[in-house]
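Visitor: Have a look at the structure that comes next, please.
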Amino acid sequence: MSLKNLVIVTTALLAFQVTTAQRNFDQNNHLGLIGGIGFFDINTDNFNTEKGTGYYLGFTTRGAFYNNFDLIYGVSFLQNQVGIFGRDASGAGNFPEQYVDFTTLAAQINLLGSFNIIHNHLSIEAGPILNVNGKLKVDREEFEDFVLDGYETLTAKDIENVSRVHFHAAAGITAGIENFRVGAMYQYGVTNLLNRLNDKEGIEKPANGKFEGNASVLIVTAVLYF
């Protein structure tokens, strides 16, 4: 599924979610807006990476499930950034070696379970997330031909076409009052973000013969419930 198609699907899901939430709304069922800052990295032995900062925006619904447990579901959109170290093989630039900045856009659908330590004030949350992302795009054209650290010919633009559909495992904590909470969530990609590169012909491969990398993102959030 392309990122464009997922946006259409998530928009339709959101419309259904809003309608359902309004129809069944009570004190234990809240529709909210969520935003935050994400700190993204790729856990890999193939590249020398540097954590980048991006944004996180979405819609979420929290509903009572059983006793002290809630269910949280929603859709969100992320801009993730990461640096990968490389060098200017041409020797003509002003920066012979540096981290090359990459950006990828993603859409997510999440379903989390929440345990209320203090009802409406403090909870811990965990569950699966479906993540669909676009290409890992080089931010600036002048760095597209930088050769990545540890390789002889592999350039920044050679690794843009990463895998698109992934599952993340997420866990976090939120605290606040009934209509406003702040929190932190960690997501780890259980699928190989770089797997698509293994099928790409004509590029230099790692010494171990396989590209492997997993997304890692810490998100600091704020949620406003209606």
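Here the sequence shown is numbered in the working numbering, starting from 438 and rising by one per residue. Every residue, glycine too, gets a C-beta built ideally from N, C-alpha and C.
#1: Could you have a look at Ala563 and say whether DSSP puts it in helix, strand or coil?
#2: Counting only beta-carbon separations shorter than 8 Å, does Leu630 have a partner in chain B?
#3: Since Val602 sits in a beta bridge, which residues does DSSP pair it with?
#4: With H, G and I counted as helix, E and B as strand and the rest as coil, what does DSSP make of Phe539?
#5: Where does Arg633 fall in DSSP's three states?
#6: Within 10 angstroms of the Cβ of Thr490, are there 16 or more other Cβ atoms? Answer buried if so, exposed if not.
#7: DSSP has Asp478 in a bridge; who is on the other side?
#8: To the nearest angstrom, report how far apart Leu585 and Asn598 are at their CA atoms.
#9: Tell whether a beta-carbon distance below 8 Å holds between Gly495 and Val512.
#10: Within a Cβ cutoff of 6 Å, which residues of the same chain sit near Gly626, ignoring the five residues on either side of it in sequence?
#11: Whose C-alpha, out of Asp482, Phe506 and Ala644, is nearest the C-alpha of Ala563?
#12: Taking only the alpha-carbon atoms, compute the straight-line gap between Gly473 and Ile555 and give it to the nearest angstrom.
#13: Over the uninterrupted beta strand (DSSP E) stretch that includes Gly511, give me the two end residues.
#14: Does Thr592 pass the burial test, meaning 16 or more other C-beta atoms within 10 Å, or should it be called exposed?
#15: Excluding sequence positions up to five away, which residues of its chain have a Cβ less than 6 Å from the Cβ of Leu470?
#16: Going along the chain, which residues of its own chain have a beta-carbon closer than 6 Å to the beta-carbon of Asn488, five neighbours each way excluded?
Guide: Straight from the coordinates:
#1: As a working mapping, residue 563 is identified with position 126 in the sequence shown. Ala563: strand per DSSP, three-state reduction.
#2: The structure shown contains no chain B, having only a single protein chain.
#3: Position 165 of the sequence shown, counting from 1, holds the residue named residue 602. Residue pairing by DSSP puts Val602 in a beta bridge opposite Val569.
#4: For the purposes of this step, residue 539 is identified with residue 102 of the sequence shown, where counting begins at 1. Three-state DSSP puts Phe539 in a strand.
#5: To locate residue 633, count along the sequence shown from 1; it is residue 196. When DSSP states are grouped into helix, strand and coil, Arg633 belongs to the helix group.
#6: By 1-based counting over the sequence shown, the position of residue 490 is 53. Classification for Thr490: exposed.
#7: Here residue 478 refers to the residue found at position 41 of the sequence shown. Answer is Ser653.
#8: Walking along the sequence shown from the start, residue 585 turns up at place 148. Walking along the sequence shown from the start, residue 598 turns up at place 161. For the pair Leu585 and Asn598, the Cα-to-Cα distance works out to about 15 Å.
#9: Looking up residue 495 in the sequence shown gives position 58. Looking up residue 512 in the sequence shown gives position 75. The beta carbons of Gly495 and Val512 sit closer together than 8 Å.
#10: To locate residue 626, count along the sequence shown from 1; it is residue 189. Residues His603, His605, Asn651 and Ala652 of the same chain have their beta carbon placed closer than 6 Å to that of Gly626, with the five preceding and five following residues left out of the count.
#11: To locate residue 563, count along the sequence shown from 1; it is residue 126. Checked all of Asp482, Phe506 and Ala644; the closest Cα to Ala563 is Phe506.
#12: Sequence index remark: in the sequence shown, residue 473 carries index 36 (1-based). Sequence index remark: in the sequence shown, residue 555 carries index 118 (1-based). Approximately 23 Å between the Cα atoms of the pair.
#13: The count along the sequence shown starts at 1 and reaches residue 511 at position 74. Counting along the chain, the unbroken beta strand (DSSP E) around Gly511 starts and ends at Phe506 to Arg524.
#14: By 1-based counting over the sequence shown, the position of residue 592 is 155. Buried is the call here.
#15: Reading the sequence shown from its first residue, position 33 is the one you call residue 470. The residues Leu661, in chain order, have a CB closer than 6 Å to that of Leu470 in the same chain once the five nearest residues on each side in sequence are set aside.
#16: Counted from its first residue, the sequence shown places residue 488 at position 51. Inspection of the sequence shows that residue 488 is occupied by Lys rather than by Asn. Short of 6 Å from the beta carbon of Lys488, and not among the five residues preceding or following it, lie these beta carbons of its own chain, in chain order: Phe476 and Asp478.
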